[in-house]
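In the working numbering, the protein residues as written are 120 to 312.
For glycine and all other residues, C-beta sits at the position ideal for the given N, C-alpha and C.
What follows is a short report on a single structure.
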């Protein structure tokens, strides 16, 4: 892989995201995701209360690239209730996009938000965003590993020995990475002639 351009480590990028017709719960879920402190498994928070998780963006994810800290800037949340917007239009007081004062993030907390991190899908998201503090990698398979893992017996169609492995459940507390045999490069070159 050749990187032709990249964003330097430590760079700060700012953007404006606009959403319309979100319910209070949907906005709460989005805010929850954009709070890096929420992306840390409970077991890891106990070790380091300041730990944060990172989202992965862009096409370089399989190569470990695109790891970014995302957060809503201070006083950066603006929210307009549909009823207020409709009233502004009726009374000619404002419109969508007109200046609104910052909203408090705490106003959009999720119902049952304390139970959210106990669900398997959120545990998996947190593990993918944070990783493991013992050095176990959370990553995509390489193309060669994927090809090797998908090898099957030509007669039965069943996976070859030690192949057809499923990714490990990221909701589990104990990391158990899958081990895929390395492809035999020498044999591959010989068979291709």
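Member of the options whose CA lies at the smallest distance from the CA of residue i
i           : options            : result
residue 226 : 252, 187, 165, 144 : 144
residue 290 : 124, 238, 146      : 238
residue 175 : 219, 245, 201, 167 : 245
residue 155 : 275, 177, 134, 192 : 192
residue 267 : 126, 222, 297      : 297
residue 204 : 185, 265, 139, 126 : 139
residue 265 : 273, 243, 278      : 278
residue 149 : 201, 274, 214, 190 : 190
residue 185 : 146, 214, 126      : 126
residue 146 : 169, 214, 173, 224 : 224
residue 262 : 276, 301, 202, 206 : 301
residue 188 : 166, 124, 213, 173 : 173
residue 124 : 177, 162, 166      : 177
Inter-residue spacing [alpha-carbon to alpha-carbon] between residue i and residue j
i           : j           : result
residue 241 : residue 210 : 43 Å
residue 249 : residue 171 : 7 Å
residue 141 : residue 152 : 15 Å
residue 299 : residue 259 : 13 Å
residue 157 : residue 269 : 35 Å
residue 251 : residue 288 : 13 Å
residue 229 : residue 196 : 16 Å
residue 254 : residue 160 : 15 Å
residue 137 : residue 164 : 31 Å
residue 274 : residue 280 : 14 Å
residue 272 : residue 194 : 59 Å
residue 135 : residue 168 : 29 Å
residue 208 : residue 201 : 11 Å
residue 214 : residue 206 : 9 Å
Assigned secondary structure, residue i (DSSP; H/G/I helix, E/B strand, else coil)
i           : result
residue 246 : helix
residue 241 : helix
residue 96  : With the chain covering only 120 through 312, there is no way to say anything about residue 96.
residue 162 : helix
residue 124 : coil
residue 209 : helix
residue 278 : strand
Beta-carbon separation (whole angstroms), residue i vs residue j, contact threshold 8 Å
i           : j           : result
residue 222 : residue 198 : 4 Å
Any chain C beta carbon closer than 9 Å to residue i
i           : result
residue 210 : The structure shown contains no chain C; it holds only a single protein chain.
Review point. Does the stretch 216-236 touch the stretch 266-284, meaning 3 or more C-beta pairs lie closer than 8 Å?
Key: In short, these stretches do not touch, since the Cβ pair count stays below three.
**Study point:** contact_flag[the stretch 124-131, the stretch 215-223] where n(CB pairs < 8 Å) is 3 or more
**Key:** The stretch 124-131 is not in contact with the stretch 215-223.
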